[in-house]
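Notes to accompany the following structure.
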Ligand SMILES: [Zn+2]
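Numbering (the numbering used here), first residue to last: 745 to 1131.
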């Protein structure tokens, strides 16, 4: 496939080239339309007015959760499998070509990952954690990953390894989705977190840690987790009321990425008359970014009201809240996200030899970020998912 007359942003730079060649599942050349042979020109698809960017990456989703449910089901039933496939197909249609699934109860998302990779069903490339490790009756315990001590945590971990996960998820603090679990509270001791992270790393699996409260952020960072999910700095006064500069320093020094799970519903924060929460959250994000802590786009899709294909809209809201330039926002969902997830050798940029994971949008998102909400063509691993 040859696509001509494009504006191309490769994940970091606007290119002088305007033509993409795809062979099989790879980008095989990026060149100039004017240099095509007559034969190539005949079969080429003209994309005048479109901008090609790397397909978007959502660093935090839950394929098995139904955003229309106020409460998650007590157990994962096979009836959810076709719904998960539908959600994955919608994500790819919206331009999401890679998604990291951070928790389910029955490894159904891993089967879906493999079916997508085999080309049997449409969907994004997926990285899956399986059951998150949590404390007894802790956040999302209904997924089956409860552990009361280090040995039990390692049992849960090795069960995920046996199922072929791509990473390990640990609930370092409580959360809102589980009654009796408090977002402010750390769920595991430093020793247990250290054991989980070093064991996961010995299996060459990265670790994503769910962290709302500051003590959980501190312990997760010290343990060496790869991504800090939410990073809410939640304190007694609410979200982002307990930002601690010394803890942020630890996050920076340890090289963790922050995945803030900003969904499009956070527009409420921007519309709020008082603006108190916005001010606190914005300040926390700005302080982390100014310090040099890298952030990636993520939505926590699947939780109530957060739909799986909404990352493009969420990205626009994230950019406004964190005061990112359009290019910074785009990087957070493409090239930076790929580095955070450890897949930059495969996807996240438009470059010869990388997977053909491409989003073509109407307009230029560097000038108007909302262009990412207007997908015209989506290609995942060289296959058209739209257009
Ligand atoms: Zn989540």
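Even for Gly, the Cβ is constructed at its ideal location relative to N, Cα and C.
Worksheet item: Hey, would you say residue 832 sits closer than 9 Å to residue 860, going by beta carbons?
Response: Locating residue 832 in the chain shown gives position 88, where the first residue counts as 1. Locating residue 860 in the chain shown gives position 116, where the first residue counts as 1. With contacts defined by Cβ atoms closer than 9 Å, residue 832 and residue 860 form a contacting pair.
Worksheet entry | Three CB pairs or more closer than 8 Å across the region 918-925 and the region 933-948 | Between the region 918-925 and the region 933-948 there are fewer than three inter-stretch CB-CB distances shorter than 8 Å, so the stretches are not counted as touching.
Discussion item. Just list the residues that DSSP pairs residue 870 with in beta bridges.
Written reply: In the chain shown, counting from the first residue as 1, residue 870 sits at position 126. Its beta-bridge partners are 843.
Worksheet item: CB-CB under 7 Å to residue 955, same chain, minus the five flanking residues each way: which ones, in chain order?
Response: Stepping through the chain shown from its first residue, residue 955 is reached at position 211. So the qualifying residues of the chain are 916, 917, 961, 964, 972, 973, 974 and 975.
Item to complete: Along the beta strand (DSSP E) that carries residue 1032, what are the first and last residues, could you check?
Response: Counting from 1 along the chain shown, the entry for residue 1032 is found at position 288. No beta strand (DSSP E) holds residue 1032; the alpha helix (DSSP H) holding it covers 1020-1035.
Practice prompt. Would you tell me roughly how many angstroms separate the C-alpha atoms of residue 1035 and residue 996, rounded to the nearest one?
Written response: Position 291 of the chain shown, counted from the first residue, corresponds to residue 1035. Position 252 of the chain shown, counted from the first residue, corresponds to residue 996. If I take the Cα positions, the gap works out to 8 Å.
Worksheet item: How about residue 1102 and residue 798: do their beta carbons lie closer than 9 Å?
Response: Walking along the chain shown from the start, residue 1102 turns up at place 358. Walking along the chain shown from the start, residue 798 turns up at place 54. Yes. Within cutoff.
Discussion item. Could you check whether the Cβ of residue 972 sits closer than 8 Å to any heavy atom belonging to ligand 1?
Written reply: By 1-based counting over the chain shown, the position of residue 972 is 228. In terms of side-chain proximity, the C-beta atom of residue 972 is found no nearer than 8 Å to any non-hydrogen atom of ligand 1.
Worksheet item: Got a sec: does ligand 1 put a non-hydrogen atom nearer than 8 Å to the Cβ of residue 956?
Response: Start at 1 with the first residue of the chain shown, and residue 956 comes out as number 212. No, since every heavy atom of ligand 1 falls outside the 8 Å radius drawn around the Cβ of residue 956.
Discussion item. The beta strand (DSSP E) that contains residue 796, what's its start and end?
Written reply: Residue 796 sits at position 52 when you count from the first residue of the chain shown. For residue 796, the enclosing beta strand (DSSP E) starts and ends at 794-798.
Discussion item. I want to check one thing, is the minimum distance from the CB of residue 847 to the heavy atoms of ligand 1 below 8 Å?
Written reply: Within the chain shown, the letter at position 103 stands for residue 847. Yes, ligand 1 has a heavy atom inside 8 Å of this Cβ.
Discussion item. With DSSP as the reference, identify every bridge partner of residue 1039, one or two as the case may be.
Written reply: In the chain shown, counting from the first residue as 1, residue 1039 sits at position 295. Note: residue 1039 sits in a beta bridge opposite 1002.
Discussion item. For a test of the three-state rule: what should DSSP assign to residue 810, helix, strand or coil?
Written reply: For the purposes of this step, residue 810 is taken as residue 66 along the chain shown, with counting starting at 1. The answer is coil: DSSP assigns residue 810 none of H, G, I, E or B.
Worksheet item: In three-state DSSP terms, what is residue 1120?
Response: Counting from one through the chain shown, the residue named residue 1120 turns up at place 376. In the structure shown, the three-state DSSP call for residue 1120 is strand.
Practice prompt. Express the C-alpha separation of residue 777 and residue 792 in angstroms, rounding to a whole number.
Written response: Your numbering for residue 792 matches position 48 in the chain shown. Your numbering for residue 777 matches position 33 in the chain shown. When the Cα atoms are used, residue 792 and residue 777 turn out to be separated by approximately 11 Å.
Discussion item. Between which two residues does the alpha helix (DSSP H) holding residue 832 run?
Written reply: By 1-based counting over the chain shown, the position of residue 832 is 88. Unbroken alpha helix (DSSP H) run through residue 832: 825-838.
Worksheet item: To which residues of the same chain is residue 852 closer than 8 Å at the C-beta, ignoring the five residues directly before and after it?
Response: Here residue 852 corresponds to residue number 108 of the chain shown, with the count starting at 1. Within the same chain, residue 852 has close Cβ partners 807, 808, 820, 822, 824, 825 and 828.
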